[in-house]
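Here's the structure we're looking at; comments come further down.
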């Protein structure tokens, strides 16, 4: 079975074949973002993670404090269920969820989508971890991973893909999270993190498991 990087690399290669001009544009946008060190303000290893309280896919409020009462927490930020790279990541995380639980930890995924749009009811029933809604990107800002969508990408989503981010994210049409993953110990301190402004690149699930093992 392919690891997540192999899956995302295959998706990127597929995109380069189908729409080479667009992918070249994405490359340019990402290089510019990296040049301006976007994502450099993300919370660092050794820092205490900001507290939050967000609604889950069923509209129930979930707080970081309550999650930490049960053990370490893995927090991952993703753009939305419309993003193919996010879907690859979510499925890969589902595959390692039993290992996360065996290590006494919990997993939550945070996106700006409204609760009733984050996942279908069928998808919700199949998910064994929390999917939380950060509609105004406030928590993403607190964690230093909020990213203003460049117009090149915004136009592609709006025109080529027919995505209405203002509707999907309940009024927030300009801010998306940089895909990022943080591993917190029981005290809420960041012990491992992965932050990359290239939304096509995600934390490898096996690295998350290794980070959790190092907590003990």
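Residue numbers (my numbering): -4 to 211. Positions of the beta carbon are idealized from the N, C-alpha and C atoms, including for glycine.
Query	Result
Does residue 12 pass the burial test, meaning 16 or more other C-beta atoms within 10 Å, or should it be called exposed?	exposed
Contact defined as beta carbons within less than 8 Å: I believe residue 83 pairs with residue -1. What is the distance between those atoms, to the nearest angstrom?	7 Å
Can you tell me the Cα-Cα spacing of residue 94 and residue 100, whole angstroms?	9 Å
Helix, strand or coil for residue 184 per DSSP?	strand
How would you call residue 40, buried or exposed, if buried means at least 16 neighbouring beta carbons within 10 angstroms?	exposed
Between the segment 166 to 177 and the segment 49 to 56, do at least 3 Cβ pairs fall closer than 8 Å?	no
Please report how far the alpha carbon of residue 80 lies from the alpha carbon of residue 8, in whole angstroms.	12 Å
Roughly how many whole angstroms lie between the Cα atoms of residue 178 and residue 158?	31 Å
Give me the Cα-Cα distance between residue 135 and residue 72, rounded to the nearest whole angstrom.	8 Å
Are the CB atoms of residue 110 and residue 167 within a distance shorter than 8 Å?	no
Tell me the rounded alpha-carbon separation between residue 105 and residue 132.	10 Å
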